[in-house]
Amino acid sequence: MLYLHGISTDATFNLAFEEYMFTKIPRGQECFLLWQNKSAVIVGKHQNTMEEINHEFVREHGIQVVRRMSGGGAVYHDLGNLNFTFIADHEFGGQFDLSKFADRVVSALNELGIPAERTGRNDMTIEGRKFSGNAQYIRSGRILHHGTLLFNSDLDVIQQVLTVNKDKYESKGFKSVRSRVVNIADYLKGTVSLREFEGLLLRSLFGPEGYEEYQLTAEDMAAINQLRDQKYATWEWNFGQSPQYNVRKERRFGAGQISLLLQVERGIIQDIHIYGDFFGDGIPELENMFKGARLKEDVIAERLRGCDVSQYVSGLTNEEFLEALLY
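To convert, note that position 121 of the sequence shown is 124 in our numbering; the numbers rise steadily by one, no gaps.
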């Protein structure tokens, strides 16, 4: 197992760092990263950034907004939060399975006396309150699994910086985002700094076998900086254009929130954009299937014939997509 500790707290650099390591590490080699961002909102690959953040709060407080390469929902990072990343071979085609790596972290935390558990689609919780959100990116037989670890974050900011759909937390019995989240530090005995926690976590994860620490070279740094400048620091990647639409449809399924923005003229779908906190890939290809189609059940069902929507949106059935689009 290779191990790298992040050298920057700039979110644009760190997301480039993740992607670079994902492409650099060869098959058969596993890698583990720990890294931190200064105040930043990290949005999922398939989300409409403009609708996920409190723009005024972000601007006034100098909070970075950066899109990651994995799906899932928007999360807030600060220097009280620790991010982890596993990079490894993937044996299950394009299927997302967050249990393998999340369970390793849960077990490591349990060994430290923290009553953590994996719950729902992609969360880790303590006594029902969330301290970690997880997401994955899969490509060419490799998987990147990453997540947050709220250690001693400013939980009040989370409520102010994210525009979370009320259904997401009210369905779990909470009245606000703030009441739904918790810091790990509250469950550790005595006073433990975040740096001390990092050491405890590494020992608990990798035991006596340990890990081989990797130091970034000048060549690595140049490549990461180039990727940052060309992708993660650009407005086009992080925000993109807000599409015009005259029909909006939203549904929440087990696969996540599905938001459909359509431009419909005389009953014909001229344009369609699919957003949400789901996991998946190839969304532009799925969108193109419905351009030019009449917005009628029999026509849409015919377009779906021979298509498996779950190959684009993990866990979503054709019937659910049809429901989201038509009703």
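In this text, a Cβ means the ideal position worked out from N, Cα and C, and glycines have one as well.
Keep in mind it's a predicted model, so treat the numbers as computed, not measured.
- Distance from the Cα of residue 283 is smallest, within the candidate group 9, 248 and 72, for 72.
- Residue 19 is positioned such that its CB atom lies no closer than 7 Å to that of residue 161.
- Taking a contact to require three or more Cβ pairs closer than 8 Å, the region 185 to 203 and the region 215 to 222 do not qualify as touching.
- Annotation: residue 60 to residue 68 spans about 12 Å, alpha carbon to alpha carbon.
- Straight-line spacing of the CA atoms in residue 258 and residue 319 works out to 5 Å.
- Between the beta-carbon of residue 137 and that of residue 125 there is about 5 Å, and that keeps the pair under the 8 Å contact cut.
- Around the CB of residue 260, 16 or more other CB atoms lie within 10 Å, so the residue is classed as buried.
- Nearest to residue 269 by alpha-carbon distance, out of 249, 277 and 285, is 249.
- For residue 310, the closest C-alpha among the options 329, 288, 147 and 56 is that of 288.
- Assigned with DSSP and collapsed to three states, residue 35 falls in strand.
- Residue 4 holds the alpha-carbon nearest to the alpha-carbon of residue 89 among 75, 4, 116 and 164.
- With respect to the 7 Å criterion, residue 45 and residue 93 are not classified as neighbours on the basis of their beta carbons.
- In this structure, residue 78 sits near residue 151, with a CB-CB distance shorter than 7 Å.
- For residue 91, the closest alpha carbon among the candidates 82, 80 and 101 is that of 101.
- For residue 151, the enclosing beta strand (DSSP E) starts and ends at 145 to 153.
- Under the 8 Å Cβ criterion, the region 100 to 118 counts as touching the region 199 to 215, having at least three qualifying pairs.
- As computed with DSSP, residue 139 is found in a beta bridge with 148.
- About 12 Å separates the beta carbon of residue 262 from that of residue 53, a gap too long to meet the 8 Å contact definition.
- Residue 238 sits exposed, since fewer than 16 C-beta atoms from the chains shown fall within 10 Å of its C-beta.
- Within the same chain, 319 and 323 come within 7 Å of residue 256 by CB-CB distance, once the 5 residues on both sides are set aside.
- The C-alpha of residue 6 is placed about 5 Å away from the C-alpha of residue 35.
- With respect to residue 65, residue 47 sits apart: the two C-beta atoms are not nearer than 7 Å.
- Runs of the alpha helix (DSSP H) lying entirely within the region 240 to 297, each at least 4 residues long, are 286 to 291 in chain order.
- DSSP lists 128 and 184 as the beta-bridge partner residues of residue 133.
- According to the DSSP assignment, residue 8 belongs to the beta strand (DSSP E) that extends over 5 to 8.
- In the DSSP annotation of this structure, the continuous segment of the alpha helix (DSSP H) that includes residue 52 starts and ends at 52 to 55.
- For the pair residue 330 and residue 21, the Cα-to-Cα distance works out to about 39 Å.
- DSSP places residue 89 in the strand class (E or B) of the three-state scheme.
- In this structure, DSSP gives residue 80 an extended state, which the three-state scheme calls strand.
- Nearest Cα to residue 165 within the set 297, 235, 277 and 42: 42.
- One alpha carbon belongs to residue 120, the other to residue 280, and they sit about 21 Å apart.
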